[in-house]
Amino acid sequence: MNPTARRRFLDLLFQLLAMLILCLALGSLAALIADVWSDGASRLSWDFLTGFPSRRAEDAGIWHALAGSMFVILVTGALAVPIGVASAIYLEEYGTRSLTARIIEINITNLAAVPSIIYGLLGLGLFVRLMAMGRSVLAGASTLALLVLPVIILSTREALRAVPPSIREGSYALGATRWQTVWYQVLPVALPGILTGMILALSRAIGETAPLISIGALTFVAFAPDSLFSPFTVLPIQIFNWVSRPQVAFQANAAAGILVLLALLLTMNAAAIWLRDRYQKKLS
Amino acid sequence: MSEAATRPQSLAGLAARGGPQPAIDRPVKIQAEGLNFYYGETRALEDISIRIHSNIVTAFIGPSGCGKSTFLRTLNRMNDIIPGTRAEGKVLIDGADIYERGVDVVALRRRVGMVFQKSNPFPKSVFDNVAYGLRINGMAGSRSELAARVEESLRQAALWDEVKDRLHDSALAMSGGQQQRLCIARALAVRPDILLMDEPASALDPIATQRIEELVYDLKKTYTIVIVTHNMQQAARVSDYTAFFWLGRLVEYDRTDKMFTAPAEKLTEDYVTGRFG
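Chains A and B, in that order, give the protein sequences.
For the first sequence, counting from 1, position 16 maps to 42 in my numbering; every step adds exactly one.
For the second sequence, counting from 1, position 233 maps to 237 in my numbering; every step adds exactly one.
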């Protein structure tokens, strides 16, 4: 084999290998969804979506958990996104390369890797007990906000760092203040990247179970939360609850619950991609 | 190196030695006195003293890394945004030291506009690019006033006729030369006194370069222009005065025709005749 043919062959080989691995990953996801679908699709109905838990599996619904998940995620986002983006802006645009800034940086990177149960224990001590929020939506959302904060900060910093320095220079050279430069030039360019990071972070939060169980989110509530201080449950906890029941009928409920959770997740991601594309189009 | 090389002659000194000084009657606009500049521990500028006169074009030439761009960027304190840098000495603009404590850098940069080597239009429309400086500086009261100022700036930058029908298209869709003239229009919109240009045509083709040079020639009626260039022909074509930098020092500063035909320093002669750099 001459060298050129050899190079082409290796190129082809690598391409095939990469495709194989991709198929493996997608295949296992598809198998998982197909399995859950065959178990739970028959339980999916309007009554299931709008119903409340029941001792009889066929009467049980998921509205309380779906509403709880959406409410908690909304509050989590409202808490974590402004704080996270602001922190990232400070570290990237204002913080000098000082020792303090570097220590903060290392800590944030480490925090992103802390197991979520630890955040749950922190939330229990800080929000539920010390700040007396009780086992409420607010306490749960605050805990999840702490959990995703490092992820939001890190991804926002990446997005800010990807903004060409020449844009900042151009703005400063016109007599813009630091804040004007960040607000009018840097943030709009970084926005698609920030949105992507935000959605990834919130997607992580929506699937979290451990920290919410450790702060004492209930596994059986018969109502949807109606205020920040209501007790609540979320989809993963409800699914966990159903899975641990011995009756087969509840297993079908759990599978249907998983489908609802997946649908919610995919809707969130689709919204993020749509938003990101819209802003990217506006800019170029 | 001789004493003359490290301490260049003042313009007054040159006048005393004879030779016509067409710009000497113009007031001094920028004056550096014993300016040193450091990137961390590295000294990038050594004891620069120079007087730059108003309403003429002054060119900075020299090999890469000689400090010409660094010096240009000390004139509107653009280097401040690079961490770990430090300036010592004085830079007076209209007689006031811009490195004095309490100087408003934001106001300084509005008065001292800058055009960069690589055109850097904002990823916005043509109109918004030019309007940005007016908006952030609160310089246009009404919409019609804003539109008038944008048009005026685009006309000054000889770009109006090309873009008047697509003011609201993205600036990034324009050609490289147009983008650079847009950056000039953007800088002119906030009505600076001084325009600093850091190799404004180095990334452009000859025709686009020619348009920029013509523009520079027109603009000096209104502005004091300082242009950094690595292109000696360009310096000879557009500038009235030329300063030659070498290893962070100002070697020679004189009328452009003299610099290119009869420089006082051997080093200058070697550089302008292409023997090094």
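Glycine residues also receive a C-beta, built at the ideal position from the N, C-alpha and C atoms.
Please read all numbers here as calculations on a predicted model, not as lab measurements.
- Inclusion of A:GLY149 and A:LEU172 in the CB contact set at 8 Å is warranted, their separation being smaller than that value.
- Taking the CA atoms as reference points, B:PHE75 sits about 15 Å from B:GLY117.
- Interface criterion not met: the Cβ of B:ASN235 is under 8 Å from no Cβ in chain A.
- In the DSSP assignment, the residues bridged to B:GLY117 are B:LEU199.
- When Cβ-Cβ separations below 8 Å define contact, B:ALA268 makes no contact with chain A.
- Beyond the five residues adjoining it in sequence on each side, A:LEU287 comes within less than 8 Å, by CB distance, of SER95, ILE232, GLY233, LEU261, PRO262 and ILE265 in the same chain, given in chain order.
- Chain-ordered, the chain B residues with CB closer than 8 Å to the CB of A:ILE193 read ASN124, PHE126 and PRO127.
- With fewer than 16 neighbouring CB atoms inside 10 Å of its own CB, A:PRO190 falls in the exposed class.
- One thing to note: B:SER129 has its Cβ no nearer than 8 Å to the Cβ of B:ASP98.
- Between the region 155 to 164 of chain B and the region 83 to 92 of chain B there are fewer than three C-beta pairs closer than 8 Å, too few to call the two in contact.
- Near chain A, meaning a CB-to-CB distance below 9 Å, the residues of the region 104 to 115 of chain B are VAL109, VAL110, ALA111, LEU112, ARG113, ARG114 and ARG115.
- Interface annotation for the region 173 to 206 of chain A against chain B: PRO190, SER192, ILE193, ARG194, GLU195, GLY196, SER197, TYR198, ALA199, LEU200, GLY201, ALA202, THR203 and GLN206, criterion Cβ-Cβ distance under 8 Å.
- For B:ASN80, the chain A residues whose C-beta falls within less than 8 Å of its own C-beta are ALA199, listed in chain order.
- Annotation for B:SER157: the continuous alpha helix (DSSP H) segment containing it runs 147 to 160.
- DSSP places B:LEU254 in the uninterrupted beta strand (DSSP E) bounded by 253 to 259.
- When C-alpha distances from A:THR222 are compared across A:GLN211, A:ILE193 and A:ALA298, the shortest belongs to A:ALA298.
- Counting along the chain, the unbroken alpha helix (DSSP H) around A:THR76 starts and ends at 72 to 76.
- At the C-beta level, B:GLY38 and B:LYS72 stay beyond 8 Å of one another.
- CA-to-CA, the gap between B:MET178 and B:LEU171 works out to about 11 Å.
- Taking 7 Å as the Cβ-Cβ cut-off, the region 214 to 234 of chain A approaches chain B at VAL215, given in chain order.
- Per DSSP, B:LYS225 has no beta bridge partner at all.
- Note on the region 164 to 245 of chain A: whole alpha helix (DSSP H) runs with a minimum of 4 residues are 191 to 199, 213 to 232 and 236 to 240, in chain order.
- Considered as a whole, the region 68 to 116 of chain A harbours 72 to 76 and 89 to 115 as its complete alpha helix (DSSP H) runs of no fewer than 4 residues, in chain order.
- Of all residues in the region 81 to 104 of chain B, the ones placed with a Cβ closer than 8 Å to any Cβ belonging to chain A are MET82, ILE85, PRO87 and GLY88, in chain order.
- Counting other Cβ atoms within 10 Å of its Cβ, A:LEU39 stays below 16 and is therefore classed as exposed.
- In the displayed model, B:ASP98 falls within coil according to three-state DSSP, outside both helix and strand.
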